[in-house]
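Student: Residue numbers (this note's numbering), protein chains in the order written: chain X, 3 to 319; chain A, 27 to 275. Quick one: the structure is below, and I'll ask about it shortly.
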Amino acid sequence: MSAEQTRKLIVLAAIWAALLLAPYWMAPLGGYTALATRVLVLGLAAMSLNFLLGFTGVLSFGHAAYFGLGAYGAGLTLKFLAASTPLALIAGMLLGGVCGAILGTLIVRRRGVYFAMVTIAFGQVFYYIAFQWSSLTGGDDGLRGFSRQPIDFGLFKLDILSSANNFYYFVLFCFAVVVGAMGFILRSPFGRTMIAIRENERRSRFLGIPVERHIWIAFTLSCFFMGLAGGLYALVNNFADPRGLHYSQSGDFVMMAVMGGMRSFWGPLLGATVFVVLQDYLSSITVNWMSFVGLLFVLVVLFFPRGLLGFIQRSKA
Amino acid sequence: MNVLEIDNVTKRFGNLVAVRDVSLSVAKGELCAIIGPNGAGKTTFFNLISGFFPPTSGAITFDGRDITKLSTHERVTLGMARTFQITEIFPELTVFENVRIAAEVAGGYRLRPWMNRSETEKIHERVEETLKLVSLETKTDRLVGELAHGDQRAAEIAMALALKPHLLLLDEPTAGMGDQETYQITQLIRRLHRDSNYTIVLIEHDMRVVFHLADRICVLDQGRMLAQGTPKEIAANETVQAAYLGSAA
């Protein structure tokens, strides 16, 4: 095993150890478990976006739509269909993923700015539907009246509603499954065609890759992951908010991904951590917390164009 | 049998006729060079063959199959590979990774979520074999973007070769090269043609290269096929001389 591989393994082990032990080391540092849960969920969303942005090279500015659809899918399932957390998550994932797959067929024909514009436009459509259809979605007030249900393992039930730690580990489990799937795909021949498209679309086409079809697959996968993250987010809050579908939410995800480092697999998680922790800390001091996050974002983009993680990796090398 | 058969192909862009009624047959194992002054329509002609855009009229047959309406990637799948005047590579990936993507796509693995050990080994063998052919075997782990210009072109040709093409289209393979690099690329193309028996169509400005390599030369001028023949015939052709001297004056 080369030194490079050893270093990667150590970093990977450190990341998972930090995540596994988060409820124990966060409290002494002034955090709390629910904050770690939020970091995981939003980090998962940012990584799902980055699956497309950082590894296929197309910028979706409307990914909050699939996040929000996941949240409503999970919320509506719990409220009207079945009192089952896994079922709610699957419903959320399917709603986000299937809508992404259908709209994706139209979106992937565009590139660059046009791709971003079309994704915003479709995202806003879902925002207004959620906003207007009050009888189903609760409109501006959001969807209330559901709560996450204990996980039934047959022999025993895992209470994830009142125990913050149990819920954290449940979210971490879902996070690990999705992140594992992403890593697996990126290491596959298909994943390498994604990177090829990011690096040089014309060359990819002339290697015989049907570029639109591959971008569509990446887009759809990313929407499925996003839908699951949205479903988890509904469970975090026991609430689904139409603002979770809004393009400003999409912007937040792009910010997390870019700030953390969109060329690195784990970058968006770091970006989400910085974003969520700053938001948590600053919003108790000032209502203008976003100005400070924005300032940090500008500084990162100007001085560390590869994001915080890109900077850390470079200074080590 | 002819690998490539082009029948009276025309391409208009609005009022401009970039390629006018051009026909060309390329036999298996042949090396055909396309020359002509700037703006003669050579690259447009190449783009028509490789499917960048469809012709306004005319038909293109490849391996006995009408490909006039097929997209780029479909033509590649049928066995047509091309390189560009301005090198098109994956600059931030290594030489090995560049060629591996080509080999995996050609092997039909592009949608596969995983590969077993023997499939992986087969791809690796294929990549190493191809890199040896273009003499890049000592630079496999270098980033392509960091290589010298000549090596980048060799890497691009390696990606094309990894597709196991029946027809190789090379758009100005020696563009922007010094004498030493031009010599190396010319030797490489010669080896591909003579030893590996590839069918090649290339566009080239450097006449030393053209006359050194080509079995047949096609001269395009103002979108028309002015003449075609062996290097000897073309050298003696008065219309060709007039066109070249005319455009130079």
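From the three backbone atoms N, C-alpha and C, an ideal C-beta is built for every residue, glycine too. None of these values were measured; they are calculated from a predicted model.
Output, in chain order, the set of chain D residues within a Cβ distance shorter than 7 Å of ALA198(X).
Tutor: Going by chain labels, chain D is absent from the structure shown, which instead holds the protein chains X and A.
Student: Mapping DSSP to helix, strand and coil, what is GLU182(A)?
Tutor: Residue 182(A) sits at position 156 when you count from the first residue of the second sequence. Residue state, collapsed to three classes: helix.
Student: Taking CB distances under 9 Å as the criterion, tell me whether ARG204(X) reaches chain A.
Tutor: Your numbering for residue 204(X) matches position 202 in the first sequence. True, the Cβ-Cβ gap to chain A drops below 9 Å.
Student: Using the beta-carbon of each residue, which ones in chain A are nearer than 7 Å to SER190(X)?
Tutor: Stepping through the first sequence from its first residue, residue 190(X) is reached at position 188. Those within 7 Å of SER190(X) in chain A are ARG138, PRO139 and TRP140.
Student: I'd like the list of long-range same chain contacts for ALA275(A), defined as Cβ closer than 6 Å, with 5 residues on each side in sequence excluded.
Tutor: Reading the second sequence from its first residue, position 249 is the one you call residue 275(A). Because ALA275(A) sits at a pLDDT of 39, beneath the cut-off of 50, its placement in the model cannot be relied upon, and the point is left open.
Student: Can you look up SER224(X) in the DSSP assignment and give me helix, strand or coil?
Tutor: The count along the first sequence starts at 1 and reaches residue 224(X) at position 222. The answer is helix: DSSP assigns SER224(X) an H, G or I state.
Student: Within 10 Å of its beta-carbon, does THR8(X) have 16 or more other beta-carbons around it, so buried, or fewer, so exposed?
Tutor: Counting from one through the first sequence, the residue named residue 8(X) turns up at place 6. Answer is exposed; the Cβ neighbour count stays below 16.
Student: Can you tell me the Cβ-Cβ gap for VAL233(X) and ALA84(X), rounded? I've got them flagged as a contact below 8 Å.
Tutor: The count along the first sequence starts at 1 and reaches residue 233(X) at position 231. The count along the first sequence starts at 1 and reaches residue 84(X) at position 82. According to the sequence provided, residue 233(X) is Gly. The question's Val does not apply to it. The Cβ separation is near 14 Å, so there is no contact.
Student: Rounded to a whole number of angstroms, what is the C-alpha to C-alpha distance between ILE215(A) and LEU196(A)?
Tutor: As a working note, residue 215(A) is residue 189 in the second sequence. As a working note, residue 196(A) is residue 170 in the second sequence. Answer to the nearest angstrom: the Cα atoms are 10 Å apart.
Student: State whether the stretch 39-50 of chain A contacts the stretch 240-256 of chain A, with contact taken as three or more CB pairs (one from each stretch) at a distance under 8 Å.
Tutor: Verdict: yes, contact present.
Student: Return the chain-ordered ranges of every beta strand (DSSP E) run that is complete within the stretch 22-77 of chain X and spans a minimum of 3 residues.
Tutor: Whole beta strand (DSSP E) segments, 3+ residues: zero.
Student: Thinking C-beta only, is GLY273(X) closer than 9 Å to ARG308(X)?
Tutor: The sequence position of residue 308(X) within the first sequence is 306, counting from 1. The sequence position of residue 273(X) within the first sequence is 271, counting from 1. No.
Student: So LEU193(A) packs on VAL235(A), CB below 8 Å; how close in whole Å?
Tutor: Here residue 193(A) corresponds to residue number 167 of the second sequence, with the count starting at 1. Here residue 235(A) corresponds to residue number 209 of the second sequence, with the count starting at 1. The pair is not a contact, with the Cβ atoms about 19 Å apart (cut-off 8 Å).
Student: Give the DSSP-derived three-state secondary structure of ALA275(A) in the structure shown.
Tutor: As a working mapping, residue 275(A) is identified with position 249 in the second sequence. With a pLDDT of 39 at ALA275(A), under the threshold of 50, the modelled position of this residue cannot be trusted; read the value that follows with caution. Reduced to three states, the DSSP call for ALA275(A) is coil.
Student: Residues bridged to LEU195(A) by DSSP?
Tutor: In the second sequence, counting from the first residue as 1, residue 195(A) sits at position 169. DSSP output for LEU195(A) lists ARG108(A) and VAL227(A) as bridge partner(s).
Student: Measuring alpha carbon to alpha carbon, tell me which of GLU198(A), GLY255(A), THR94(A) and ASP247(A) ends up nearest ALA268(A).
Tutor: Here residue 268(A) corresponds to residue number 242 of the second sequence, with the count starting at 1. Taking only the C-alpha atoms, the option nearest ALA268(A) is ASP247(A).
Student: Since ILE187(X) and PRO139(A) are thought to touch, with beta carbons under 8 Å apart, how far apart are those beta carbons, to the nearest angstrom?
Tutor: Mapped onto the first sequence, residue 187(X) falls at position 185. Mapped onto the second sequence, residue 139(A) falls at position 113. Indeed, because the Cβ distance is near 6 Å, the residues count as touching under 8 Å.
Student: Going by DSSP, what residues sit across from SER51(A) in a beta bridge?
Tutor: Mapped onto the second sequence, residue 51(A) falls at position 25. Answer is GLU31(A).
Student: Are the C-beta atoms of ALA275(A) and some chain X residue less than 9 Å apart?
Tutor: The sequence position of residue 275(A) within the second sequence is 249, counting from 1. Any reading at ALA275(A) needs caution, since the residue's pLDDT is 39, under 50, leaving its predicted position unreliable; the model's value is listed next. By this cut-off, ALA275(A) is not an interface position.
Student: Assuming LEU173(A) contacts ALA181(A) under a Cβ cut-off of 8 Å, what Cβ separation, rounded to an integer in Å, is found between them?
Tutor: For the purposes of this step, residue 173(A) is taken as residue 147 along the second sequence, with counting starting at 1. For the purposes of this step, residue 181(A) is taken as residue 155 along the second sequence, with counting starting at 1. Sure, about 7 Å apart at Cβ, within 8 Å.
Student: In this structure, does DSSP put MET95(X) in helix, strand or coil?
Tutor: Sequence index remark: in the first sequence, residue 95(X) carries index 93 (1-based). The answer is helix: DSSP assigns MET95(X) an H, G or I state.
Student: Within 10 Å of its beta-carbon, does HIS248(X) have 16 or more other beta-carbons around it, so buried, or fewer, so exposed?
Tutor: Here residue 248(X) is taken as the residue at index 246 of the first sequence, counted from 1. Buried, because 16 or more other Cβ atoms sit within 10 Å of the Cβ of HIS248(X).
Student: Closest by CA to LEU237(X), which one among ILE12(X), ALA48(X), ILE131(X) and ASP161(X)?
Tutor: On the first sequence, position 235 is the one that residue 237(X) refers to. If we check each option's Cα against that of LEU237(X), ASP161(X) comes out closest.
Student: Please determine, among ASN167(X), TYR130(X), ASN290(X) and THR139(X), the residue with the shortest C-alpha to C-alpha distance to LYS81(X).
Tutor: In the first sequence, the residue the question calls residue 81(X) occupies position 79. It is THR139(X).
Student: Which residues bound the alpha helix (DSSP H) around ASP254(X)?
Tutor: If you number the first sequence from 1, residue 254(X) lands on position 252. Taken as a continuous stretch (DSSP letters only), the alpha helix (DSSP H) holding ASP254(X) covers 249-262.
Student: What is the C-beta distance between ILE211(X) and ARG152(A), in whole angstroms, given that I count them as a contact (C-beta under 8 Å)?
Tutor: Within the first sequence, the letter at position 209 stands for residue 211(X). Within the second sequence, the letter at position 126 stands for residue 152(A). Not really, about 17 Å apart at Cβ, beyond 8 Å.
Student: Taking LYS54(A) as the reference, give the member of GLU31(A), ARG217(A) and LYS37(A) with the closest Cα.
Tutor: Start at 1 with the first residue of the second sequence, and residue 54(A) comes out as number 28. Nearest option by C-alpha distance: GLU31(A).
Student: Can you look up LYS95(A) in the DSSP assignment and give me helix, strand or coil?
Tutor: Locating residue 95(A) in the second sequence gives position 69, counting from the first residue. If DSSP states are grouped into helix, strand and coil, LYS95(A) belongs with coil.
Student: Within the chosen definition, does the stretch 38-45 of chain X reach the stretch 96-109 of chain X through at least 3 CB pairs nearer than 8 Å?
Tutor: Contact between the stretch 38-45 of chain X and the stretch 96-109 of chain X is absent, because fewer than three Cβ pairs lie under 8 Å.
Student: Can you pull the chain X residues whose beta carbon is under 9 Å from the beta carbon of HIS219(A), in chain order?
Tutor: Position 193 of the second sequence, counting from 1, holds the residue named residue 219(A). Result: empty, since nearest Cβ-Cβ is about 21 Å, beyond 9 Å.
Student: With a threshold of 6 Å on Cβ separation, who are the neighbours of ASP241(A) within its own chain once the five nearest residues in sequence on each side are excluded?
Tutor: Translated into the one-based positions of the second sequence, residue 241(A) becomes position 215. Closer than 6 Å at Cβ, skipping near neighbours: GLU56 and LEU57.
Student: Beta carbon of ARG205(X), beta carbon of PHE116(A): below 9 Å?
Tutor: Here residue 205(X) refers to the residue found at position 203 of the first sequence. Here residue 116(A) refers to the residue found at position 90 of the second sequence. Yes. Within cutoff.
Student: Within 8 Å, do at least three Cβ pairs link the stretch 62-71 of chain X to the stretch 97-105 of chain X?
Tutor: Touching, yes, given that three or more Cβ pairs across the two stretches are closer than 8 Å.
Student: For ASN34(A) and LEU169(A), I'd like the C-alpha separation in whole angstroms.
Tutor: On the second sequence, position 8 is the one that residue 34(A) refers to. On the second sequence, position 143 is the one that residue 169(A) refers to. So the alpha carbons of these two residues sit roughly 43 Å apart.
Student: What's the C-alpha gap between PHE267(X) and ARG189(X)?
Tutor: Looking up residue 267(X) in the first sequence gives position 265. Looking up residue 189(X) in the first sequence gives position 187. Computed Cα separation, rounded: 12 Å.
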